[in-house]
Amino acid sequence: MSETSCCSGPGYETPLAAFTSGSIEKLIYVPAVVPDGSRPDYLATVDVDPSSETFSQVIHRLPMPFKGDELHHSGWNACSSCYGDPSASRRYLVLPALKSGNIYSIDVLNAREPTLNTYIKGEDIGNATGLAYPHSSHCLGNGSIMISTTGKADGSHAGNFLLLTSDFKIIGKWSQEDTNFGYDFWYQPKFNTMISTEFGTPNKFIHGFNPADISSDYGSKLHVYNWKERTLRQTIDLGGDGLIPLEIRFAHDPLKSYGFVGAALSSNIIYLDFDPSNEKVNHQVVIKQPWVEVEGWALPTLPPLITDILLSLDDKWLFFSNWLRGDVLVYDVSTPSLPVLADRLFIGGSISKQGSVKVPKASLEALELTDQPNRLRVKGVEIQGGPQMLQLSLDGKRLYVTNSLLSSWDLQFYGDNFKHNGSQLIRLNFNASTGKLSIDEDFLVDFGKEPDGAVLAHECRYPGGDCSSDIWLAPGTTWDS
69 MSETSCCSGP
79 GYETPLAAFT
89 SGSIEKLIYV
99 PAVVPDGSRP
109 DYLATVDVDP
119 SSETFSQVIH
129 RLPMPFKGDE
139 LHHSGWNACS
149 SCYGDPSASR
159 RYLVLPALKS
169 GNIYSIDVLN
179 AREPTLNTYI
189 KGEDIGNATG
199 LAYPHSSHCL
209 GNGSIMISTT
219 GKADGSHAGN
229 FLLLTSDFKI
239 IGKWSQEDTN
249 FGYDFWYQPK
259 FNTMISTEFG
269 TPNKFIHGFN
279 PADISSDYGS
289 KLHVYNWKER
299 TLRQTIDLGG
309 DGLIPLEIRF
319 AHDPLKSYGF
329 VGAALSSNII
339 YLDFDPSNEK
349 VNHQVVIKQP
359 WVEVEGWALP
369 TLPPLITDIL
379 LSLDDKWLFF
389 SNWLRGDVLV
399 YDVSTPSLPV
409 LADRLFIGGS
419 ISKQGSVKVP
429 KASLEALELT
439 DQPNRLRVKG
449 VEIQGGPQML
459 QLSLDGKRLY
469 VTNSLLSSWD
479 LQFYGDNFKH
489 NGSQLIRLNF
499 NASTGKLSID
509 EDFLVDFGKE
519 PDGAVLAHEC
529 RYPGGDCSSD
539 IWLAPGTTWD
549 S
């Protein structure tokens, strides 16, 4: 099944159609951040087709027009929420810059050699709306683009959403109500619901992390909106179990009323379930990860630090990364309120044997380890830092992993290793029949060996859509119903 047909718009009719018949990815787009800002960040195009002569290589680099952007997450101008619109086309990658606030529109008509279509300066967005520090981007079924923001132009904290037209013109704020903090979001018109998460104060997090700021400058709440009316319906205070709730993922099946949030600092997975009887969202911690007792680190205990989560398109498998502890985990969520651990694979992290942090025997035993794990090496290259952004193939068989979180955090927690060696993109194989992960020993993109110097790789996108960009609408439901 191709991504489009003569009678449909972009994407796939259902998530299961994408899962069973979707195109196998051949290219990946990866933002590459220059850590010292001495030259522009760029969008790297990576060949992931094993039959290609340039397999596992960066085949194109598109520099942005400005320095100091801190490219981060990305989205599309159109996705499966526009499937019913044959005039829509998934042609433009939406690329917000977290630090500068600039937002770029990248034309991928020539998929192997993307070009810059247009851009909006961060200062123009700030002057028009008061919004700054953009993060997550989703398309809406009417062709407009919605981007979450995490602060104001002065670097103070405030959560809201920027609306753009399909041709990249500013519409304004999506909501007239600011939340205390902002970060990620997901929507589902079937339940007239959108939920957003919280990170922190831009003036703080953009420069690194100070534990003394946790209570005043980092969030612990979820915000539930009436999607149609764009009003705040409910605020959920997750408390100590939900410190810094970052990535949120609803079930892909639009008839299912649940989702998951990864609370980064608390390092827990929180299950969300929409109750149609009162239009409230209930929550419970379903995966609780204790902090690791350590010696030789900044604190006596080390948080695993969940930095990304995603669901397979059949909604059976939940994957997440622990950036500090250094492992990727996969859970069977066939019963979503009762996840079952299927596998864990250590990539690196602060507790690797090659580092200075020591882990007592009791803490190792709690992780079912007999010794501190070795830092992963692929094709002779040592993987820096810990696993961070994840992207799963449509068929659920290949998991792409990068290891940069935020340039200032990379350098703070992992030091000169990142500065001099850059970051890497690796691929894990996933066997859904056994629930096991394994390293693809033939795939590695070393962004430490880029022609003009080491860079930091972040979120991955496929030209044909993926597990964290596409949102499906229920039959008979419109984007604003």
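Anchor point for the sequence shown: position 434 equals 502 in our numbering, and the numbering is continuous, going up by one each time. Here a beta-carbon is modelled for each residue, glycine too, at the ideal position from N, C-alpha and C.
**Report entry** Pair within 7 Å by beta-carbon distance, Asn-442 and Lys-421
**Finding:** yes
Query raised in the report: Tell me the DSSP bridge mates of Arg-466?
Result: Asn-497
Query raised in the report: Among His-488, Leu-473 and Tyr-80, which has the Cα closest to the Cα of Glu-527?
Result: Leu-473
**Report entry** Close-in-space but distant-in-sequence residues of the same chain around Gly-551 (CB under 7 Å, 5 per side omitted)
**Finding:** Because residue 551 is not part of the residues shown, which for the chain are 69 to 549, the question remains open.
Query raised in the report: What separation, rounded to the nearest whole angstrom, lies between the Cα atoms of Gly-464 and Ser-380?
Result: 6 Å
**Report entry** Own chain residues within Cβ distance below 7 Å of His-320, not counting five before or after
**Finding:** Pro-83, Leu-379, Leu-381, Asp-383 and Trp-540
Query raised in the report: With respect to the beta strand (DSSP E) encompassing Ile-304, which residues constitute its N-terminal and C-terminal limits?
Result: 299 to 305
Query raised in the report: In this structure, what does DSSP give as the bridge partners for Ile-316?
Result: Val-329
Query raised in the report: Could you check where the alpha helix (DSSP H) with Lys-272 kicks off and where it finishes?
Result: 270 to 273
Requested in this report: Name the residue from Ser-335, Thr-502, Ile-92 and Phe-515 whose alpha carbon lies nearest to the alpha carbon of Ile-494.
Outcome: Phe-515
Query raised in the report: Distance, Cα to Cα, His-128 vs Asn-178?
Result: 11 Å
Report task. May I ask you to report which of helix, strand or coil DSSP gives Lys-426? Result -> strand
Query raised in the report: Buried or exposed: Gly-240, going by 16 or more other Cβ atoms within 10 Å of its Cβ?
Result: exposed
Query raised in the report: According to DSSP, is Asp-343 helix, strand or coil?
Result: strand
**Report entry** Gly-354 versus Glu-297: straight-line alpha-carbon distance, rounded
**Finding:** Before going on, a small fix: residue 354 reads as Val here, not Gly. Approximately 31 Å, taken between the alpha carbons.
Query raised in the report: Taking buried to mean at least 16 other C-beta atoms within 10 Å of its own C-beta, is Val-176 buried or exposed?
Result: buried
Query raised in the report: What's the gap between the Cα of Leu-130 and the Cα of Pro-182?
Result: 7 Å
Query raised in the report: Looking at Thr-261 and Phe-388, is the spacing between their C-beta atoms short of 7 Å?
Result: no
Report task. Starting from the Cα of Val-126, find the closest Cα among Val-362, Asp-137 and Tyr-110 and give me that residue. Result -> Tyr-110
Query raised in the report: DSSP three-state call for Ala-226: helix, strand or coil?
Result: strand
Report task. State yes or no: is the C-beta of Ser-205 within less than 7 Å of the C-beta of Val-162? Result -> yes
Query raised in the report: Hey, how far is the Cα of Ala-86 from the Cα of Trp-385?
Result: 15 Å
Query raised in the report: Whose C-alpha, out of Ser-501, Ile-451, Leu-505 and Lys-487, is nearest the C-alpha of Arg-466?
Result: Leu-505
Report task. Following the continuous alpha helix (DSSP H) through Lys-487, name the residue where it begins and the one where it ends. Result -> 484 to 489
Query - Start-end ranges of the alpha helix (DSSP H) lying completely within the region 340 to 402, minimum 4 residues - result: none
**Report entry** Straight-line gap, Leu-166 to Phe-229 (C-alpha atoms, nearest Å)
**Finding:** 14 Å
Query raised in the report: Just how far apart, CA to CA, sit Asn-499 and Leu-397?
Result: 13 Å
**Report entry** From Ile-507, Leu-432, Ser-106 and Gly-448, residue whose alpha carbon lies closest to that of Val-362
**Finding:** Leu-432
Report task. Label Lys-272 either buried or exposed according to how many other C-beta atoms from any shown protein chain fall within 10 Å of its C-beta, with 16 as the threshold for buried. Result -> buried
Report task. Quick one: residues in its chain with C-beta nearer than 6 Å to the C-beta of Asp-285, no 5 flanking neighbours on either side, listed in chain order? Result -> Gly-268, Thr-269 and Lys-272
Query - Identity of the residues DSSP links to Phe-253 by a beta bridge - result: Ser-264
Query raised in the report: Where Thr-72 and Val-116 are concerned, what is the direct C-alpha to C-alpha distance, given to the nearest angstrom?
Result: Here the model assigns Thr-72 a pLDDT of 40, short of 50, so the residue's position is not dependable and the matter cannot be decided.
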